[in-house]
Amino acid sequence: MITKKRIFKSCLPVVMGLLVAGSVMLGGCGKNNVAEGIPASSPSYNTNVSDARNTPVVRAAKNVGPAVVGITNKAVARDFFFNLRDVEGYGSGVIFRKDGYIVTNNHVIDGAKEIIVSLSDGRSLNGKLIGADEITDLAVVKVDADDLPAAEFGDSDDIMVGEPAIAIGNPMGLEFQGSVTTGVISAVNRVLNKGESNMKLIQTDAAINPGNSGGALVNADGKVIGINSQKIVTNAVEGMGFAIPINTVRSVVEELISQGHVTRPYLGVSVFDKESAARQGYILNVDKGVYVFNVSLDGPA
256 MITKKRIFKS
266 CLPVVMGLLV
276 AGSVMLGGCG
286 KNNVAEGIPA
296 SSPSYNTNVS
306 DARNTPVVRA
316 AKNVGPAVVG
326 ITNKAVARDF
336 FFNLRDVEGY
346 GSGVIFRKDG
356 YIVTNNHVID
366 GAKEIIVSLS
376 DGRSLNGKLI
386 GADEITDLAV
396 VKVDADDLPA
406 AEFGDSDDIM
416 VGEPAIAIGN
426 PMGLEFQGSV
436 TTGVISAVNR
446 VLNKGESNMK
456 LIQTDAAINP
466 GNSGGALVNA
476 DGKVIGINSQ
486 KIVTNAVEGM
496 GFAIPINTVR
506 SVVEELISQG
516 HVTRPYLGVS
526 VFDKESAARQ
536 GYILNVDKGV
546 YVFNVSLDGP
556 A
């Protein structure tokens, strides 16, 4: 028969062992949670590497890239010995409307006997010149195709100096079709003299090389804000590219599509303001108005 005293004596070592073990376990938990400050469960960080790589430049390239095409200008020129030979020039263009209207630079298609448009999906189509404007260096080419990936256009009056700029085009020809370069908007309303007229252009340091002419200048929202037009190329100057503001492009292109040319107001008179007249030796005894010094015989005036 086992008595209470014997039970107590036999159970005492077991109880003491359990108490010691419990102290060790509780002490360990306290040490981990309080002394070292380590939480009981680690937080879950749902970091998606793809999201980190999907930058505005990547999204812009995906949005606009399919709308940028290659333009091949097939022409005839005389060589050093005045013999006629076939020559080819290359440039870029942007799909303006999904029914086949494409905007490019006038100098890209100037003198072309045949125009070939290379789409981003690999197709090559014959292009027809709809109209061109030398003053703005813009032209419209039409291909016989429907449901093309037309570009989305932004507002060039709303761009800011310093914001990202992405150039998409075909530098050095079709071998490098769809190349993407990046930079910033360096200046807006940059006035450059072009023959008898002045043009207000967007300046960027995004690399624009031969063959990029007619391509797209895109903002971080994936919208076209300009058509790349020219680059200053000298040994001393780098990173100066220029684009025609898209607001100018849209108005010119609409006229070229509707009537094949751009109509500009023409008065047929040449004038001086008061200060300019004084520099030319003319004294105007008026506070307002201009001095008319020439009138075209066949002009509207």
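According to my numbering, the sequence shown holds residues 256 to 556 in order.
Cβ atoms here follow ideal geometry from the backbone N, Cα and C, with glycine treated the same way.
Just the Cα atoms here: how many angstroms apart are residue 340 and residue 517? Inter-residue distance for residue 340 and residue 517 is about 33 angstroms (C-alpha atoms, whole angstroms).
At least 3 beta-carbon pairs within less than 8 angstroms: the stretch 409-424 vs the stretch 434-441: Note that the stretch 409-424 touches the stretch 434-441; at least 3 beta-carbon pairs, one per stretch, sit closer than 8 angstroms.
Determine the DSSP secondary structure at residue 351, reduced to helix, strand or coil. In the structure shown, the three-state DSSP call for residue 351 is strand.
Please state if the CB of residue 502 and the CB of residue 392 are separated by a distance shorter than 8 angstroms. It is not a contact, given that the beta carbons lie outside the stated cut-off.
With distances taken between CB atoms, is the gap from residue 497 to residue 539 smaller than 8 angstroms? For residue 497 and residue 539, no; Cβs fall outside 8 angstroms.
When the Cβ atoms of the stretch 422-434 are set against those of the stretch 385-402, are three or more pairs found closer than 8 angstroms? Here the stretch 422-434 does not lie against the stretch 385-402, with fewer than 3 beta-carbon pairs under 8 angstroms apart.
Just to confirm, is the Cβ distance from residue 421 to residue 315 under 8 angstroms? Taking 8 angstroms as the Cβ cut-off, residue 421 and residue 315 qualify as a contacting pair.
At the level of alpha carbons, what is the spacing between residue 549 and residue 507? Note on geometry: alpha-carbon atoms of residue 549 and residue 507 lie some 29 angstroms from one another.
Select from 336, 344 and 323 the residue whose C-alpha is nearest the C-alpha of residue 330. Of 336, 344 and 323, the residue nearest in Cα terms is 344.
Per DSSP, what kind of secondary structure is residue 333 in: helix, strand or coil? In this structure, residue 333 counts as strand in the three-state DSSP scheme.
Cβ shell of residue 328 (< 6 angstroms), same chain only, five flanking positions each side left out: The residues are 344, 364 and 367.
Going by DSSP, what residues sit across from residue 483 in a beta bridge? According to DSSP, which records beta bridges pairwise, residue 483 is partnered with 498.
From the DSSP secondary-structure annotation, give me the bridge partner or partners of residue 395. According to the DSSP secondary-structure assignment, residue 395 is paired through a beta bridge with 358 and 386.
Work out the CA separation of residue 350 and residue 356 for me, nearest whole Å. In a straight line, the C-alpha of residue 356 is about 6 angstroms away from that of residue 350.
Does the separation of the CB atoms of residue 469 and residue 360 fall below 8 angstroms? In this structure, the beta-carbon distance from residue 469 to residue 360 falls below 8 angstroms.
Look at residue 466 and residue 385 and say whether their C-beta atoms are less than 8 angstroms apart. No, they are not a contact pair.
Is residue 419 near the ligand GDP, in the sense that its beta carbon is under 7 angstroms from a heavy atom of that ligand? What this structure holds is no ligand at all, so the ligand GDP is not there to describe.
Using three-state DSSP, classify residue 434 as helix, strand or coil. Assigned with DSSP and collapsed to three states, residue 434 falls in strand.
Taking only the alpha-carbon atoms, compute the straight-line gap between residue 388 and residue 526 and give it to the nearest angstrom. So the alpha carbons of these two residues sit roughly 26 angstroms apart.
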